[in-house]
Amino acid sequence: MSTTHFSGYAAILGRPNAGKSTLMNALLGSKLSIATHKAQTTRHQIMGIYSEEDCQIIFLDTPGIIQPKYELQKAMMRFVEKAEKEADVMLLLVDLKRCFIQQERDRKNAPNAPTELVDHELLGHIRSQHKPVILVLNKMDTVSEEWLKKVQEAYEEAFTFAGIQAISALEQHGIPALIDQLKTKLPKGPAFYPKDELSEHPLRFFVSEFIREQLFLNYHEELPYSATIEILEYQESPEIDRIMADIVVNRNSQKGMIIGKKGAAIKQLGIQSRASIESFLDKQVHLELHVKVREKWREKEHMVRNLGYRE
29 MSTTHFSGYA
39 AILGRPNAGK
49 STLMNALLGS
59 KLSIATHKAQ
69 TTRHQIMGIY
79 SEEDCQIIFL
89 DTPGIIQPKY
99 ELQKAMMRFV
109 EKAEKEADVM
119 LLLVDLKRCF
129 IQQERDRKNA
139 PNAPTELVDH
149 ELLGHIRSQH
159 KPVILVLNKM
169 DTVSEEWLKK
179 VQEAYEEAFT
189 FAGIQAISAL
199 EQHGIPALID
209 QLKTKLPKGP
219 AFYPKDELSE
229 HPLRFFVSEF
239 IREQLFLNYH
249 EELPYSATIE
259 ILEYQESPEI
269 DRIMADIVVN
279 RNSQKGMIIG
289 KKGAAIKQLG
299 IQSRASIESF
309 LDKQVHLELH
319 VKVREKWREK
329 EHMVRNLGYR
339 E
């Protein structure tokens, strides 16, 4: 007896550090999107595939929505626009903890001013798409039920959502309920990808992302934002994969910071990157890292595109 099958694209949208990548990893039950405590870690549109017998959801994790200041950020916002256009349904992720912190800050600075809980600029990104939007209230484990209800009511007054779900992406609370809501918003149709496939991105892409994740975890301030990864060589074999990669930085002064005293910093970066890659690939890896300077690469469109930031 045949059953109805549903399939479609779901874009995950929100501000930097709202938990979008953590949410996608929780939805898939596998780490595809890198996630750190620092804002704006995601630079590409990351595609992950969730499959059940009667449905397939293609999730699109996106960079945090910002006002772009240079060419790299413009490319990142084009990934957001692309995801919005491709999506059958959109997940608008709101950080409950950030809302609370912002309210406390506003109250301290202007005690008598009314508190604005809704991010209207964020809503502007979804209004023009005329697609169903599920409001996802993240980090519910960090705030009171009273605060959660207050934020939810404020957003409900500002926009008509197709559904609302409170979750903790980190603790994986509310994830099954969110998937159940998503299923009801998908169009009928066959699976787009084989049911055992997790993503269409090549292995090179994930390798570069895991190295870049370690840049964010091992270096501070502006340095991780000024660097990107270029995979020069990827040789697969049954015993061990051999990978050679360049860490591309924005200024010559950053090269020494990446390498560190007597090469200690880049050695540590290599050890931790290799561990992440081996965990993902489930096999042994030989990783060789070098540092290359490309002056002001983030500000030059042709360099940004050549380094893989293209739609």
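First residue of the sequence shown: 29, per the working numbering; consecutive thereafter. Glycine is no exception: its CB is placed at the ideal position from the N, C-alpha and C atoms.
Closest by C-alpha distance to K48, out of E99, T31 and G76, is G76. DSSP places R270 within a strand segment (E or B) once states are collapsed to three. Of all alpha-carbon atoms in N278, L315 and S254, the one lying nearest the alpha-carbon of E264 is that of L315. The criterion of a C-beta distance shorter than 8 Å is satisfied by L226 and S58. Between K125 and V171, the gap from beta carbon to beta carbon is short of 8 Å. Secondary structure of T69 (DSSP, three-state): coil. Bounds of the alpha helix (DSSP H) holding V235 are L231 to N246. For I203, the uninterrupted alpha helix (DSSP H) run begins and ends at I203 to K211, by DSSP.
Counted as a single uninterrupted DSSP element, the alpha helix (DSSP H) harbouring G284 occupies residues N280 to I287.
Excluding residues up to 5 positions away in sequence, D169 lie with their Cβ nearer than 7 Å to the Cβ of E199 in the same chain.
DSSP links C83 through a beta bridge to F34 and E80. Under the three-state reduction of DSSP output, T170 falls in the helix class. Relative to the Cα of L245, the nearest Cα in the group V164, N278, S304 and L210 belongs to S304. When the beta-carbon positions are compared, N278 and R326 come within less than 8 Å of each other.
Contact check for R43 against I74 fails: the beta carbons are separated by 8 Å or more. Counting C-beta atoms within 10 angstroms of its own C-beta, D224 has fewer than 16 neighbours from the protein chains shown and is therefore classed as exposed.
Runs of the alpha helix (DSSP H) lying entirely within the segment 114–184 and spanning at least 4 residues, in chain order: 124–137 and 148–155.
Distances from the alpha-carbon of P266 to those of I287, L309, I294 and P252 put L309 closest.
With three or more CB-CB distances shorter than 8 Å, the segment 116–125 counts as touching the segment 204–223.
As a beta-bridge residue in DSSP terms, K320 pairs with V276.
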